[in-house]
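First up is the structure itself, then whatever we jot down about it.
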Amino acid sequence: MGTPAESPEPSATGEWRLPPPGGRTWPTFKRLFIGYVLPYWPAGLVAGLAMLTLAGTQTSVVALIRPLLDEGFVEQDAATIRYYALLLIGFITFQGVVQFTANYLMTWVGRQLIKRLRLDVHERLLVMPNRVFDQFASGRLISSLTYEAEQVAGAVTRAMLSLVRDTARVLFLIGYMTYLSPWLTLIVLGILPLVGGIIAYITKRFRKISKRIHRAVGGVGSVAEESVHGYQVIKAFGQAERERARFERVNEQNRRQFMKFLATKYASVPLIRLIAGLALALVIYLVTVDALVETITIGTFVSFASALLLLNAPLKSLVSINATIQKGLAAAQGVFQVIDAPRETDAGTRPLETAEGRVAMHGLRFAYDGQREVLRGIDLTAQPGEVIALVGPSGGGKTTLVSLLPRFYEPTAGEIRLDGVPLPEYRLADLRRQITMVGQSVMLFNGSVADNIRYGAREQVSDERVREAAAAANALEFIEALPHGLETRVGEDGVLLSGGQRQRVAIARAVLKDAPILILDEATSALDTESERRIQSALEQLMRDRTSFIIAHRLSTVENADRIVFLDQGEVVEQGTHHELLAHNGRYAGLYSMQFAGPTAAPQDEAER
Ligand SMILES: Nc1ncnc2c1ncn2[C@@H]1O[C@H](COP(=O)(O)OP(=O)(O)OP(=O)(O)O)[C@@H](O)[C@H]1O
Ligand SMILES: [Mg+2]
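Be aware that the sequence shown starts at 5, since it is given in the numbering used here, and climbs by one per residue.
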């Protein structure tokens with residue numbers, strides 16, 4: 005919560021731009037390793053040792069073949085053969101235990117890593133300034149929490165596993181082969197890079213195609229997502245045919261790419277096998293060379309050939325490890341971008357229990373993008389308990405203006421004072437506690453109606469008070485008609501409620517918060533006139549003794565305000581009471597006559613047919 009200014013953090017002052025994707029990988033790797041993997045070094049160390057042991061036992065099994073063949077089968081010694089059978093069971097059991105340990109511990113480290121990454125991302129989301137949120141696509145933020153974090157951990161565990169286990173395997177196997185026959189080994193090592201080169205080429209081509217397929221798969225996903233989310237719009241505008249054609253296109257592309265991908269894959273496997281087979285055939289042929297043939301027994305040869313075959317798997321995974329690491333690091337960069345986003349500046353130290361509610365804005369200017377000014381020099385003061393109505397054309401800057409009060413955004417020039425003190429001097433949490441906001445779009449959480457109403461309250465509140473708040477917001481009637489009353493669950497983002505019902509829940513939430521400053525941004529816009537009128541008296545009750553900023557397009561709801569401020573293109577065009585403004589006969593009067601009484605009121609009746 006209110007951790008004041010953890011200093012060297014990038015702060016909300018100064019421009020922040022979403023950094024471009026990509027960048028240097030080494031620092032990312034270092035940060036990931038030191039910050040997120042190293043803390044779990046004991047588990048990693050044990051896992052590493054287990055993997056070394058595993059690689060060792062694998063070589064030993066191959067090594068067992070030689071005496072088994074030479075001493076057991078060639079000499080026809082039954083006791084020796086039985087002895088090796090028993091030994092084999094022991095080995096496999098041991099191997100199983102070691103393998104389990106290695107896998108378990110590596111996975112453990114990986115899951116810890118995912119958890120830590122997610123915690124850090126989520127932690128940052130909670131303190132990220134609005135303008136930074138505006139720059140990230142919301143899907144991007146969610147994916148860094150879910151998909152990217154998984155990718156990072158997957159790559160890290162796979163890379164570490166492969167690096168330790170496969171390197172050890174290769175070394176052990178080559179060492180043993182050298183022990184069996186240095187000459188043969190030398191020859192094999194001579195042709196190995198050649199074989200490796202060919203295999204690497206095939207794999208690369210394969211990966212190129214798979215990347216292209218990845219894009220095609222994404223196409224299916226995003227078109228499908230639009231069809232799912234936009235089904236109402238598609239139906240309403242009769243665009244089903246167009247969507248069908250669009251989907252058919254990406255679907256077909258997806259199929260074709262997948263066929264290419266699989267064809268390459270099916271071709272590459274036998275090709276690789278053929279190359280490996282050729283290498284093995286060469287070895288077999290060389291064994292017949294006079295100089296070697298005498299020194300090699302059946303056991304040695306089979307053992308050697310087995311070791312050679314076993315080399316295949318670890319070599320392959322070592323060759324592909326770089327790609328795995330790169331993919332993981334790319335995901336890590338995405339995750340770190342979120343973690344490194346600036347936090348809200350909270351450098352104020354002045355505590356504030358309950359404000360009187362005097363708000364003064366001086367020369368307030370603001371631009372979302374640092375260039376196009378949305379507020380252009382606003383001077384406005386509100387005395388404690390005063391009700392200020394903000395009206396004016398859409399896009400005039402009303403919502404922007406009130407969002408500077410809880411410091412969702414920082415003004416580019418000018419300042420706002422609360423009780424005579426500039427806002428940044430207060431502790432952020434204290435400042436926000438003074439303000440209740442019912443916004444243009446209501447956000448409900450996936451819980452019960454009561455949970456959602458309680459959301460604004462500082463301490464536990466009784467069911468009785470929740471009920472009172474609901475009644476004040478004219479919501480009790482519809483809530484009681486719900487299947488479980490206050491305990492009815494509202495669904496994700498309250499989808500089970502109508503727009504007007506959601507607004508009333510939001511107002512009940514505001515009633516409970518009981519803060520000295522009240523902001524209502526189109527809080528009743530989704531209500532019918534009847535409900536709005538009934539709720540109006542509750543709102544007037546709520547505004548009593550509070551400094552209130554009321555934004556409304558329906559002017560009937562703001563007639564009683566102490567002052568009406570007409571905002572257009574970021575400037576105060578005129579202000580005064582309802583009667584003063586009507587007498588002035590300016591913009592407000594024009595708007596008013598358009599909504600009431602005037603001849604242009606006719607289209608409203610039309611709606612009733
Ligand atoms: N998050 C944002 N990022 C960039 N520009 C924005 C953002 N929010 C609003 N704007 C721009 O700022 C201007 C003022 O918007 P604002 O929401 O304050 O208008 P408003 O008076 O509340 O309009 P309405 O009556 O339609 O709610 C608009 O031109 C809008 O495009
Ligand atoms: Mg608005």
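For each residue, glycine too, the CB sits at the ideal point set by N, CA and C.
In the three-state DSSP reduction, T551 falls in the strand class (E or B).
When DSSP states are grouped into helix, strand and coil, S147 belongs to the helix group.
Taking 4 residues as the shortest admissible run, the region 485-528 contains the following complete alpha helix (DSSP H) segments, listed from N- to C-terminal end: 503-517. Annotation note: the region 346-406 contains the following uninterrupted beta strand (DSSP E) runs of length 3 or greater, listed N- to C-terminal: 363-371, 377-386, 391-395. DSSP places G39 in the helix class (H, G or I) of the three-state scheme. Around the beta-carbon of L448, 16 or more other beta-carbon atoms lie within 10 Å, marking it buried.
A residue is called buried once 16 or more other Cβ atoms fall within 10 Å of its Cβ, and H583, having fewer, is exposed. Here DSSP, grouped into helix, strand and coil, assigns Y430 to strand. Under a 10 Å Cβ-count criterion, F600 is classified as exposed, with fewer than 16 other Cβ atoms of the shown protein chains found around its own Cβ. Around the beta carbon of D81, fewer than 16 other beta carbons sit within 10 angstroms, so the residue counts as exposed. Taking C-beta separations shorter than 8 Å and ignoring five residues to either side along the sequence, the partners of N316 in its chain run A280, following chain order. DSSP places M132 in the coil class of the three-state scheme, outside both helix and strand. Of the heavy atoms belonging to ligand 2, at least one sits nearer than 7 Å to the Cβ of T403. Straight-line spacing of the CA atoms in Q337 and T32 works out to 7 Å. Boundaries of the alpha helix (DSSP H) harbouring E245: 244-291, taken from the DSSP string.
If you look at V577, you'll find it in the beta strand (DSSP E) that goes 575-580. Between the alpha carbons of A475 and L531 lies a gap of roughly 16 Å.
Here V446 really is in contact with Q507; their C-beta atoms are around 6 Å apart, less than 8 Å.
Straight-line spacing of the CA atoms in Q375 and R369 works out to 11 Å.
Judged by DSSP secondary structure, I300 falls outside any beta strand (DSSP E); it is assigned neither H nor E. When DSSP states are grouped into helix, strand and coil, F570 belongs to the strand group.
Cβ-Cβ distances below 7 Å link Q540 to T561 in the same chain, with the five nearest sequence neighbours on each side left out; the list follows chain order. Closer than 7 Å to some heavy atom of ligand 2: that does not describe the Cβ of Q507. Annotated three-state conformation of M164 is helix, per DSSP.
Under the three-state reduction of DSSP, R458 is assigned to helix. Under DSSP, E127 shares a beta bridge with no residue. When C-beta atoms of the region 418-427 are compared with those of the region 357-371, three or more pairs fall below 8 Å, so the two segments count as touching. For D525, the CB falls within less than 7 Å of some heavy atom of ligand 2. CA-CA distance, F77 to G303, rounds to 9 Å. DSSP places G48 inside the alpha helix (DSSP H), whose first and last residues are 45-71. Residue state for V442 is assigned as strand, using DSSP reduced to three classes. Per DSSP, the beta-bridge partners of L422 are V363, V425. CA-CA distance, I457 to V470, rounds to 7 Å. Check the Cα spacing between V156 and each of F37, A249, A527, L190: the tightest is with F37.
Taken atom to atom, the span from the alpha-carbon of A345 to that of R122 is near 15 Å. L22 has its alpha-carbon roughly 19 Å from the corresponding atom of A153.
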